[in-house]
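The next block holds one structure in the form of structure tokens; read it before the comments.
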Amino acid sequence: MNLVQSPARHCLGLAEAVIDLSAIRDNVRTIQQRLAPGTEVLAVVKADAFGHGAVQVARAAIEAGATWLGVARADEALRLRAAGLTVPILTWLYDATDLMWLSDVDVSVSTVAELHQVISAPTVRNVHLKLDTGLHRGGSSPDQWIELTRAAAHYEALGAIRVRGIWSHLSHGDDVDATHSRRQLQLLRTGITLAKRAGLDSQVVHLANSAGALTLDAPDCNLVRIGAALFGIDEVGAGLRPPMRLVSKVVQVRRIRRGEGVSYGHDHVAPRDTTVALIPLGYADGIPRVTAGRASVLIRGRRTPVIGRIAMDQFVVDAGDAPVEAGIPVTLFGDGSQGEPTAAEWADWAGTIQHEIYCGLGSRVPRRYQEGQR
Ligand SMILES: Cc1ncc(COP(=O)(O)O)c(C=O)c1O
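The numbering used here applies: residue 119 is where the sequence shown begins, and numbers increase by one.
Have a look at this one:
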């Protein structure tokens with residue numbers, strides 16, 4: 119075995135996720151242009167903005183016109199407030215303890231029991247009543263809605279809460295024909311009528327996610343909750359741009375002979391003499407282990423296949439007889455414009471969705487922000 123190694127020439131660390139904030143802003147504007155006038159955008163920045171960095175993405179989305187932020191959990195909302203973001207924030211998963219220390223954040227309420235929890239907290243709070251219109255993943259069941267809206271109206275009259283929103287979540291937002299979504303909208307419409315009858319007049323009504331915002335005509339709603347689209351996950355062909363590029367560099371190069379095995383268990387055996395290159399990212403960084411033998415990366419403009427088992431911190435690619443040396447850049451994914459794989463391809467290789475590729479990107483990979491792709 120012949121070792122060829124040279125010092126690194128690039129100073130970007132072992133790997134980094136480069137995030138183009140102008141793409142986030144462009145994606146917000148692209149969605150906005152397709153919305154009915156007066157419809158506002160809530161930017162969903164949960165799970166650290168799908169791994170892109172919640173605070174940076176939130177700021178970019180607001181600069182482009184988003185007027186709300188949404189997160190799953192209370193601590194995520196708190197981080198946004200601590201960063202100085204002042205727009206309304208909605209959170210939909212919290213417990214009684216969260217309510218004690220989290221003020222100035224709107225919370226979702228699905229049951230009368232949750233409502234009681236909210237009014238027991240020390241601050242008056244904005245709530246969004248959630249109706250289950252068919253997703254069956256949280257929300258008030260339709261037969262408990264009247265009781266919930268009446269109880270909410272009662273506490274609002276006492277000044278204990280303010281019902282700022284009524285909402286639901288789509289089950290088939292990316293279905294272009296929108297059959298399910300229209301049925302859900304119809305149920306939400308009934309829910310709004312009943313809420314009005316109970317004496318509620320909410321400021322916002324929201325149902326659609328990214329894809330739903332583009333496929334469903336929903337005049338009853340004046341807010342859409344946009345997550346995937348911010349990150350260029352383009353489920354209905356809206357012309358969105360992925361902001362993230364995952365780059366690394368070759369850290370070591372070896373020549374191996376035909377018949378030699380590569381990585382744990384020698385799952386891969388070289389079919390010919392070849393050059394293998396070591397990339398310092400592994401499944402602890404979010405590179406899915408199942409993509410071994412399917413995935414490729416871009417090195418010097420060439421798709422270079424991932425071979426052998428992906429380890430926790432590193433994997434190997436087969437460069438064939440191409441000239442590669444330690445230190446040269448490697449692109450794992452980007453927007454595809456340079457011939458590199460996209461996150462969508464990694465998702466296919468892993469048998470998952472892009473959301474999981476982005477969210478899985480580990481904390482060892484620094485995020486670097488820039489304007490435009492350089
Ligand atoms: C409650 C809720 N609303 C909106 C969204 C945004 O959906 P999408 O990412 O499809 O835009 C999500 C998840 O991402 C969600 O959980």
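Where is the CB? At the ideal position from N, CA and C, for every residue including glycine.
Predicted, not measured: the structure shown is a model, and the values here were computed from it.
Are the beta-carbon atoms of residue i and residue j separated by less than 7 Å?
i      : j      : result
Val323 : Ile284 : yes
Gly279 : Arg243 : It is worth fixing the name first, because residue 279 is Ile in this sequence and not Gly. The answer is yes: Cβ separation under 7 Å.
Val371 : Ala395 : yes
Arg482 : Asp403 : yes
Ile344 : Ala161 : yes
Leu334 : Ala296 : yes
By the three-class DSSP mapping on this structure, what secondary structure does residue i have?
i      : result
Gln472 : helix
Glu158 : strand
Thr204 : coil
Ala270 : helix
Ser258 : strand
Ala126 : Its pLDDT being 34, under 50, Ala126 is placed unreliably in this model, and the value from its coordinates should be taken loosely. Ala126: coil per DSSP, three-state reduction.
Tyr401 : helix
Leu229 : According to the sequence provided, residue 229 is Thr. The question's Leu does not apply to it. Reduced to three states, the DSSP call for Thr229 is coil.
Tyr382 : helix
Measuring alpha carbon to alpha carbon, tell me which residue in the options is nearest residue i.
i      : options                           : result
Val159 : Gly131, Thr241, Leu325 and Arg197 : Leu325
Ala200 : Gly156, Ser221 and Asp292         : Ser221
Val223 : Leu233, Val205, Asp319 and Ile344 : Val205
Arg147 : Leu305, Ala347 and Gly277         : Ala347
Gly357 : Leu332, Ala231, Ala176 and Asp403 : Leu332
His287 : Thr311, Ala329, Gly317 and Arg268 : Ala329
Arg177 : Thr422, Leu198 and Val435         : Leu198
Ile425 : Gln302, Gly419 and Gly379         : Gly379
Asp466 : Val408, Ala231, Ala437 and Gly383 : Val408
Ala313 : Gln150, Lys248, Arg373 and Asp335 : Lys248
Gln302 : Gly317, Asp338 and Ala270         : Asp338
Pro361 : Gln150, Gln174 and Thr422         : Gln174
Arg421 : Pro406, Gln456 and Ile180         : Gln456
Give every residue of the same chain whose Cβ lies closer than 8 Å to the Cβ of residue i, excluding the five residues on either side of it in the sequence, and list them in chain order.
i      : result
Arg359 : Asp138, Ala141, Asp144, Asn145, Gly350 and Asp453
Gly400 : Ile428, Ala429, Met430, Asp431, Gln432 and Phe433
Gln488 : Val136, Ile137, Asp138 and Leu139
Asp250 : Ser228, Gly256, Gly257, Ser258, Ser259, Pro260 and Ser286
Gly490 : Asp138 and Ser140
Please report the straight-line C-alpha distance between residue i and residue j, rounded to a whole angstrom.
i      : j      : result
Asp391 : Arg376 : 4 Å
Thr209 : Val189 : 5 Å
Glu443 : Leu479 : 26 Å
Cys477 : Ile237 : 34 Å
Trp464 : Glu353 : 16 Å
Pro155 : Ser320 : 19 Å
Ser258 : Lys164 : 22 Å
Trp186 : His272 : 27 Å
Gly171 : Ala413 : 25 Å
Asp166 : Trp219 : 21 Å
Pro240 : Leu196 : 17 Å
Val435 : Ala135 : 20 Å
Asp439 : Glu458 : 20 Å
Thr157 : Thr215 : 34 Å
Ile475 : Arg486 : 18 Å
Asp293 : Gln472 : 17 Å
Arg152 : Arg268 : 35 Å
Grab me the residues of residue i's own chain with a C-beta within less than 7 Å of its C-beta, minus the 5 sequence neighbours each way, in chain order.
i      : result
Gly131 : Pro484
Val225 : Thr209, Tyr212, Val236, Arg243 and Val245
Ser366 : Leu132, Ala133, Ile397, Pro398, Leu399, Val448 and Leu450
Leaving out five residues on either side along the sequence, give the residues of the same chain with a beta carbon under 6 Å from the beta carbon of residue i.
i      : result
Leu450 : Leu364 and Val415
Ile446 : Val368
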